[in-house]
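To start, the structure itself, in structure tokens.
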Amino acid sequence: MSRNAEVAALLDEMADRLEATGVEYKPRAYRQAADNIRGHTVAVGTLAAEETVDEIDRVGDAIAAKVVEYIETGEIEELEALREELPVDIDAVTRVEGVGPKTAADLYEALGVETLDDLEAAAEAGEIQEVKGFGPKTEQNILGNIDFARESHERELLGEAQPLADRVLAHLRDHDAVEAVDTAGSLRRWRPTVGDVDILAASDDGEAVVEHFTDFEATVIEAGTSKASLRANGMRVDLRVVVPSEWGAALQYFSGSRDHNIVVRNRAIERDLKVNEYGVFDISDVDDPDAGQRVGERVAGETEQSMYAALDLPLVPPELREDRGEIEAAANDDLPALVTEDDLRGDLHLHTDASDGDGTVAEMIEGAARRGYDYLAVTDHATGPGMVGGVGVDDDALLELAERVRTAAADTDLTVFTGVEANIGADGTVSVADDVLAELDCVVASPHVSLDSDGTDRLLAAVEHPEVNVLGHPTGRLLNRREGLDVDMEAVAAAAAANDTALEINANPHRLDLRGGYVKQAIEAGATIVIDTDAHAASNLSFARFGVHTARRGWAEADDVLNTRDADAVADFLGL
DNA sequence: GCCGTTTTCGGCCCGACTGTTTTCAGTCG
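Per our numbering, residue 1 is the first one in the first sequence, and the count goes up by one each step.
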């Protein structure tokens with residue numbers, strides 16, 4: 001298992017515990033380091049061995065030493081001491097809305113609360129309202145939020161949150177008072193998972209919009225005059241309504257990320273400007289810039305573009321707003337022209353009822369045609385490591401399937417490539433005989449077993465295999481379920497570039513593998529990316545949307561992506 | 001604890017909201 005997420009969680013816990021004890025500034029340093037370790041594309045285990053942990057942004061000597069200590073001993077001594085000092089399940093207790101680290105510490109000191117059960121018991125017994133600084137309302141809020149805290153310890157999949165957001169957006173657009181509406185937050189940045197669904201609307205009549213919002217089929221959590229929250233499909237949906245003149249400022253502000261906005265604000269300060277959710281303000285002639293939210297001359301705010309323009313920047317696409325160098329690139333007029341869904345002309349990884357898919361070859365061709373594609377590759381599962389229950393197709397049957405695909409191809413204008421999804425074994429071998437692979441147009445090779453180790457050598461072997469064209473879902477991760485392989489992406493991408501093997505962004509919402517960070521690294525190393533849906537039914541071809549936005553998070557341009565090319569160029573890439 | 005076209009010390013984004021208080025602390029995004 002990649003241990004980056006594990007290490008990041010511990011550093012976040014350190015941040016919470018330091019904050020609980022009233023330490024200033026350090027918590028933020030730990031949280032930023034944790035975020036960057038979580039998003040780093042090289043495994044911390046590898047970095048620890050090479051003594052280069054501090055190459056990660058915002059990780060200095062002290063945190064690097066703690067990471068190495070954890071890798072080597074399985075513990076961080078200082079964290080153990082903090083746990084002993086405050087023996088509270090701080091992760092669980094702070095999951096209750098309104099309860100943060102300091103509240104957790106206060107309730108431990110006063111009432112000995114260590115767990116969610118303790119917290120609930122204390123609230124039910126009326127003990128919390130007796131604690132200094134607490135009152136009956138706080139106690140009731142805690143009680144009301146405990147159940148949800150118990151259920152919700154996973155983030156929501158983008159692939160589930162976005163369709164819900166689409167329905168909410170459509171519902172809001174139906175109302176005459178709504179002048180503009182969009183998603184915000186991590187959903188607008190198309191992160192693979194999101195905490196909640198953030199919606200922003202522009203209107204001069206906030207109350208009417210909120211009221212209409214609460215008509216959406218869902219449970220109302222709270223509803224005020226300009227914001228409201230619902231619970232729908234187990235997800236929290238937050239709406240904010242702003243006046244149209246402040247739409248751009250609010251959209252920029254609420255889209256984040258927090259770190260991106262910090263860089264934006266710092267750039268504003270350098271220019272004697274102030275950025276907030278109401279606009280950009282010129283504070284060069286203002287005595288006290290902190291006197292209010294709308295101090296100074298307002299120079300931007302109606303559109304997002306105006307916000308960035310006021311800072312001498314072009315609009316930064318939301319997918320890039322992660323503080324990964326996008327402001328610097330924007331300042332140098334060096335932002336990528338990101339790939340779009342319209343650029344896609346085909347799909348090179350999908351399944352039929354020959355293996356575990358639901359659709360026939362003809363149905364999948366029809367589905368691709370409906371999307372306006374020029375080509376597709378039929379890549380059913382081969383037998384081999386990870387294929388259980390007779391799902392995989394054996395070598396002889398693969399050749400028969402290829403023949404059927406060629407027959408079906410004669411009835412369509414689309415180019416239909418024969419193919420296979422072969423399995424990469426733990427030792428890097430590919431599960432189909434070379435002479436069979438040689439008969440097929442498009443060979444996808446994917447790891448399906450031993451996904452909890454370092455996979456670099458296996459993936460290198462697959463990438464260098466002369467018959468392999470696409471490395472499918474390279475890390476094998478499953479969101480919320482399994483971290484997937486640790487991979488030295490620079491090495492794999494360099495080998496992929498040298499061997500004309502495309503690296504896949506698997507657009508299945510449970511995978512989104514490669515993720516954005518790896519995509520960026522792969523492109524920088526010269527590799528070709530391919531955006532595939534791994535569709536197991538024609539309807540799954542619509543997953544392409546999530547793959548495209550993942551590619552955009554990896555700064556991918558159309559030229560970086562194999563399946564933006566025409567069928568002849570793809571055939572050429574496949575060596576046909 | 002981290003960081004630097006205010007560089008090796010002295011700062012660290014900004015504001016709304018809530019509930020508890022009489023001026024503010026904590027949480028959230």
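Note that beta-carbon positions come from the ideal geometry of N, C-alpha and C, so glycine has one too.
Start-to-end residues for the alpha helix (DSSP H) that takes in residue i
| i | result |
| --- | --- |
| N4 | N4 to A20 |
| I269 | R258 to E270 |
| Y30 | K26 to G39 |
| K132 | No alpha helix (DSSP H) contains K132, which DSSP labels as neither H nor E. |
| S186 | G185 to R188 |
| E78 | E77 to E85 |
| V67 | D61 to T73 |
| F254 | W247 to S255 |
| A494 | M489 to A498 |
| M307 | E304 to A310 |
| D106 | P101 to L111 |
| V44 | V44 to E50 |
Three-state class that DSSP yields for residue i in the structure shown
| i | result |
| --- | --- |
| I90 | helix |
| I531 | strand |
| F543 | helix |
| F281 | strand |
| D205 | coil |
| N276 | strand |
| V430 | strand |
| D147 | helix |
| N563 | helix |
| D176 | coil |
| A462 | helix |
| D358 | coil |
| M1 | Low confidence applies to M1: its pLDDT is 41, below 50, so where it sits in the model is not reliable enough to give any reading. |
| D333 | coil |
| D454 | strand |
| L576 | coil |
| D57 | coil |
Sequence-distant residues of its chain with Cβ nearer than 7 angstroms to residue i (five each side left out)
| i | result |
| --- | --- |
| F546 | L158, G159, A507, P509 and L512 |
| G636 | The question about residue 636 has no answer here: the residues shown for the chain are numbered 1 through 576. |
| Y108 | L86, V88 and E114 |
| A525 | E490, A493, A494 and A497 |
| R265 | V275 |
| I531 | L344, I505, A507, A544, G547, V548, A551, V561 and N563 |
Beta-bridge partners of residue i, as assigned by DSSP
| i | result |
| --- | --- |
| H654 | Since the displayed the chain opens at 1 and closes at 576, residue 654 lies outside it and no answer follows. |
| Y375 | G346 and T415 |
| K137 | According to DSSP, which records beta bridges pairwise, K137 is partnered with nothing at all. |
| E557 | L338 |
| S229 | E222 and D238 |
| R482 | L478 |
| P447 | I424 |
| T580 | There is no way to answer for residue 580, as the model of the chain reaches only from 1 to 576. |
| D182 | L200 |
| I505 | I531 |
| L471 | A445 and L503 |
| D513 | N506 |
| V393 | A382 |
| D118 | DSSP lists no partner for D118. |
Anticipated Cβ contact below 8 angstroms, residue i with residue j, distance rounded
| i | j | result |
| --- | --- | --- |
| T115 | D147 | The Cβ separation is near 15 angstroms, so there is no contact. |
| V178 | V210 | That pair is no contact at about 11 angstroms. |
| D534 | H381 | D534 to H381, Cβ: 11 angstroms. No contact. |
| E557 | A337 | 5 angstroms |
| N480 | T501 | 29 angstroms between Cβ atoms; not a contact. |
| L459 | L471 | 6 angstroms |
| V197 | V168 | 7 angstroms |
| A228 | L239 | 5 angstroms |
| E97 | R189 | Actually they are not in contact, since the Cβ atoms of E97 and R189 sit about 23 angstroms apart, beyond 8 angstroms. |
| A537 | D358 | 4 angstroms |
| E77 | E84 | Contact doesn't hold; Cβ gap of about 11 angstroms is too wide. |
Neighbourhood of residue i by C-beta distance below 8 angstroms, restricted to the same chain and skipping five residues each side
| i | result |
| --- | --- |
| L143 | E120, A123 and E124 |
| E13 | L79, I90 and D91 |
| L399 | V436 and E439 |
The ligand PLP heavy atom lying under 7 angstroms from the CB of residue i
| i | result |
| --- | --- |
| T303 | This structure simply doesn't include the ligand PLP, nor any ligand for that matter. |
Residue range of the unbroken beta strand (DSSP E) whose run includes residue i
| i | result |
| --- | --- |
| M235 | M235 to V242 |
| F573 | Run containing F573: none in the beta strand (DSSP E); it sits in the alpha helix (DSSP H), A567 to F573. |
| E154 | Where E154 is concerned, there is no enclosing beta strand (DSSP E), given that its DSSP letter is neither H nor E. |
| R298 | E297 to A300 |
Proximal residues to residue i (C-beta, below 6 angstroms), its chain only, five neighbours per side dropped
| i | result |
| --- | --- |
| I128 | A122, F134 and E139 |
| V444 | H349, T379, E421, V470 and G472 |
| G517 | G39 and T41 |
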